[in-house]
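Asker: Okay, here's the structure, questions in a sec.
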Amino acid sequence: MRISVVVPVYNSEHTLRPLVAEVRSALAGLSFELILVNDGSRDKSWDVIRDLSSECSWIRGFDLMRNYGQHNALLCGIREARYECVATIDDDLQNPPAAILTLIDKLADGYDVVYGTPIQQAHGLMRYLASRITKVALQGAMGAEVARNISAFRVFRTQLRDAFAGYGSPDVSIDVLLTWATQRFASVRVEHRPRAAGVSNYTIRKLIVHALNMATGFSVVPLQLSSILGFAFTLFGFFVLALVLVRYIIQGGSVPGFAFLASIIAIFSGAQLFALGIIGEYIARMHVRAMNRPSYALRDTISGEAGASAAPADVFPSIECLP
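Listed below in structure tokens is the structure:
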């Protein structure tokens with residue numbers, strides 16, 4: 297099986313060469329290409345990508361006009377993939393490229409998408425909790441149980457991209473888009489190493505915002521939640537009305553007190569504002585998509601002649617790619 301390895305790159309000038317060397321060693325003897333998508337890096341990542349592409353014919357580089365986000369960069373690389381299998385992996389060396397073959401072996405069992413789920417994540421407690429919230433939101437958007445085991449390390453059949461070939465929204469979730477084509481998901485436990493350099497660009501805030509974007513951009517669950525909430529408070533209103541009527545009939549008076557009325561009004565007003573807020577989120581997303589903003593825009597591309605089999609590299613930092 298021929299493999300297109302897609303890597304979104306952001307401020308990773310120090311890890312690109314070791315990553316390329318590990319990919320070359322892991323896929324030695326196979327036909328593969330490495331697609332490096334520079335997502336508006338502020339360092340010299342694009343210069344490194346240009347150097348690597350000039351040294352190695354199987355490396356292709358794509359430079360985005362600005363920072364669009366990890367999933368937008370992945371979408372660019374996936375659309376440019378030439379081979380029948382796509383592997384996506386981060387640029388921080390936390391996932392070992394050697395595990396790509398393990399995921400491909402699982403793919404051969406009849407699955408369309410296989411995730412490399414970390415055995416033990418090298419993250420702090422707050423980052424872990426934020427990641428879990430994101431995965432719960434993603435599960436609602438994907439409608440698949442495997443959503444709890446997703447990661448940025450995945451392998452899937454390239455033909456799945458046909459299902460979202462016309463997708464053009466700036467809000468992108470590769471995992472949700474893959475569900476448009478298949479429900480044959482699987483996961484394999486893989487090693488998760490500490491970062492080789494720098495810090496994660498996914499802060500807790502960004503993860504929570506990403507979860508909200510997926511919940512309102514790819515799912516109707518929030519709308520269903522607001523409907524259930526409205527129905528529940530309607531029942532509560534009838535209960536309060538029945539209480540007032542029963543008290544009036546039995547005792548000949550209404551429920552006294554401003555605090556009681558103020559509390560009821562506050563509860564119902566809060567529920568209404570909550571429902572309106574959810575509806576407003578959906579209207580905002582419809583407005584954004586109606587503007588037909590692109591998922592990404594390319595500034596420059598560098599393409600070598602992909603397809604040549606590569607021999608293992610003797611020393612990872614040194615990549616001998618020329619004949």
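Residue numbers for the sequence shown follow the working numbering, beginning at 297 and rising by one. Here a beta-carbon is modelled for each residue, glycine too, at the ideal position from N, C-alpha and C.
#1: Pick out whichever of 580, 461, 519 has its Cα sitting closest to the Cα of residue 591.
#2: I need the boundaries of the beta strand (DSSP E) containing residue 334, first residue and last residue.
#3: Cutting at 8 Å between CB atoms, please list the residues of its own chain near residue 619, excluding the five before and the five after it.
#4: Quick one: using the 10 Å Cβ neighbour count with 16 as the cut-off for buried, is residue 561 buried or exposed?
#5: Could you have a look at residue 592 and say whether DSSP puts it in helix, strand or coil?
#6: May I have the straight-line CA-CA distance separating residue 302 from residue 575, to the nearest angstrom?
#7: So, does the segment 445-453 touch the segment 518-525, judging by three or more C-beta pairs under 8 Å?
#8: From the DSSP output, which residues share a beta bridge with residue 356?
#9: Excluding the 5 residues preceding and the 5 following residue 367 in the sequence, name in chain order all residues of the same chain whose CB lies nearer than 7 Å to its CB.
#10: Quick check: residue 314 and residue 335, are their CB atoms within less than 9 Å of each other?
#11: Please name the residue, chosen from 596, 329, 307, that lies closest to residue 388 on a Cα-to-Cα basis.
#12: Out of 379, 338, 382, point me to the one whose CA is closest to residue 361's CA.
#13: Using DSSP bridges, identify the partner residues of residue 411.
#14: Hey, would you say residue 457 sits closer than 9 Å to residue 377, going by beta carbons?
#15: Mapping the DSSP letters down to three states, classify residue 607 as helix, strand or coil.
#16: Tell me which residues share the same chain as residue 482 and place their Cβ nearer than 6 Å to its Cβ, disregarding the 5 neighbours each side in the sequence.
#17: Going by DSSP, which residues form a beta bridge with residue 304?
#18: Does the Cβ of residue 589 have 16 or more other Cβ atoms within 10 Å, making it buried, or fewer, making it exposed?
Answerer: With the structure as the only source:
#1: 461
#2: According to the DSSP assignment, residue 334 belongs to the beta strand (DSSP E) that extends over 328-334.
#3: Note on residue 619: pLDDT 38, under 50, position unreliable in the model; the coordinate value appears next. None.
#4: exposed
#5: coil
#6: A straight-line Cα-Cα distance of about 36 Å links residue 302 and residue 575.
#7: Output reads no: the segment 518-525 does not touch the segment 445-453.
#8: DSSP lists 331 as the bridge partner or partners of residue 356.
#9: 468, 469, 470
#10: no
#11: 307
#12: 338
#13: 450, 483
#14: yes
#15: In this prediction, residue 607 scores a pLDDT of 43, lower than 50, which makes its location untrustworthy; no coordinate-derived value is stated.
#16: 402, 407, 410
#17: Paired residue(s): 333.
#18: Residue 589 should be labelled exposed.
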